[in-house]
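The sequence shown begins at 70 in the numbering used here and counts up by one. Each residue gets a CB set at the ideal place from its N, CA and C atoms; glycine is no exception.
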Amino acid sequence: MLYAGGGLLAVLLVVGGLGWGLGWFGGGPAGVSVETETAQAHTITEVVTAFGRAQPEVEVTISPDVSGEIVELPVQEGDAVEKGDLLARLNPDDYRAQLEEREAQVAQQQANLARRRADSVQARQTYERKQKLYEKDVIPESEFENAQSTYRQAVAQLEAARFQVESARASLRDAREQLQKTRLYAPMDGTVSKLTVEVGERVVGTRQQAGTEMMNIARLDRMELEVDVNENDVVNVAGKDSANVEFDAYADRTFQGRVTEIANSARIQNEGSQNEVTNFPVTVRILGNPNTGPAATRAEGGLARPETPAAASQGPVIRPGMSGSVDIYTETVENTVAVPIQAVTVRDFNEVGPEADSTQTKEATTEDLRKVVFVAEGDSARMVEVTTGIADDTYMQVRSGLEGGETVITGPYSAVSRELKPGATIRTEQGNGDGGSESIASSQ
């Protein structure tokens, strides 16, 4: 009796489970709860975001050609200078002494040249006289040959004296140039963006080694940013692409920019490790002159009083080294069918494709990954293969697979990325089109 009761209970449990699964009672399968949104036409602009620091488009490092002690430094960091303005003066005493010494050497060599010229004239006269006497057989041949040899030596010594004069004059010119180089002048209009020396310091000229970097002159009216763009994004960036530039120091302002240079060589960080990152430097010029007005020059009278606020009319001042972000607009497509980024996922067609079967799934050794979206049709999901194009922060272009107006499944992330299968039963909830960062990352 006990065994019969247990067997009856087991049968009832099996029949109840089967009936529930087949929908005989209990309302049938609940299905997967999903969020949806309608595929519509959008204007999509692809944006590449990168970060970098401001720098002048033109910046010149000033180093002295000669060594010496700084005796005059009429500029300070932040001063505006014009081409030809005096930047610094080194002690000229040693170079002035060298100049006077070279002048004396030139005078000495010129005197030597005059003496050799006189010797040459005398030797030539002697040679000509001996030649006439030799032709008349008045003197022996040996005497004539001695006169001839003396004359040739005098000519050679005269020529050598001329070269010595030229050498002395060249040394004099070099000494004069060295003296002139004790004064350093601005090579262009600009601003002293960096000053690393003080009056009384000794600096090393570039003739000895690399030389002392005394200061930098920069064109602050033409600023740019050099940003690192990932190798996956740099292929979409082209010269003259427009950009928006924002600086941390001016969070309420946006500056217009343009791509001017894309590097051909990459910067590789953590090379050889799992964290290896490959970026390409991209230069973005800030359009216009962000550093207008007196804010780019030193205030008259030295330091400003701390209680005096900055004048609002001066505008922002973009200083070298300021950090900023750049949004580069690489491509825009208007009136194109688009879906939320999180609606696009990837499926292995060897497992879920129309041609897949159990035998093929078991024997498949390679994956056939394709981009798909799931379209809600009543209470079931239909898988549609799509070809995608560019994307912005929210939507992705669909080039083929959808015509617009379809109700696509946008979430939740676990359902779109893993759970949904072709023909799966779903419960539809109208989505708000707001995709989280996790969904965006998975779709890309």
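By the neighbour-count definition (other C-beta atoms within 10 Å, threshold 16), Lys199 is a buried residue.
Here the segment 261-279 does not lie against the segment 302-310, with fewer than 3 beta-carbon pairs under 8 Å apart. Rounded to whole angstroms, the Cβ separation of Gln338 and Thr405 is 36 Å, and the two are not in contact under 8 Å.
Distance from the CA atom of Glu106 to the CA atom of Arg496, rounded to whole angstroms, is 14 Å.
Across the structure, Val353 and Thr260 are spaced so that their CA atoms are roughly 21 Å apart. For the 8 Å CB-CB criterion, Arg231 and Leu182 form a contact. Residue range 438-446 is occupied by the beta strand (DSSP E) that includes Lys440, with no alpha helix (DSSP H) assigned at that position.
Here the alpha carbon of Lys201 sits roughly 13 Å from the alpha carbon of Arg193. Take Gly390, set aside five residues on each side of it, and the residues of its chain with a beta-carbon closer than 8 Å to its own are Arg122, Ala123, Gln124, in chain order. Among the bridge pairs identified by DSSP, Val150 is matched with Gly259.
For Thr494, no alpha helix (DSSP H) run applies, since DSSP gives it neither H nor E.
Looking at the DSSP output, Ala157 sits in a beta bridge with Leu253. When only Cα atoms are considered, Glu126 and Ala279 end up about 23 Å apart. If you draw a straight line from the Cα of Ala239 to the Cα of Pro161, it comes to about 20 Å. Check the Cα spacing between Gly147 and each of Glu340, Gly341, Asp258, Glu345: the tightest is with Asp258. For Asp297, the three-state secondary structure derived from DSSP is strand. In the DSSP assignment, the residues bridged to Ser102 are Arg496. When C-beta atoms of the segment 472-484 are compared with those of the segment 130-144, fewer than three pairs fall below 8 Å, so the two segments do not count as touching. Bounds of the beta strand (DSSP E) holding Arg327 are 319-331.
For Glu197, the enclosing alpha helix (DSSP H) begins and ends at 162-204.
When the beta-carbon positions are compared, Val413 and Lys440 come within less than 8 Å of each other.
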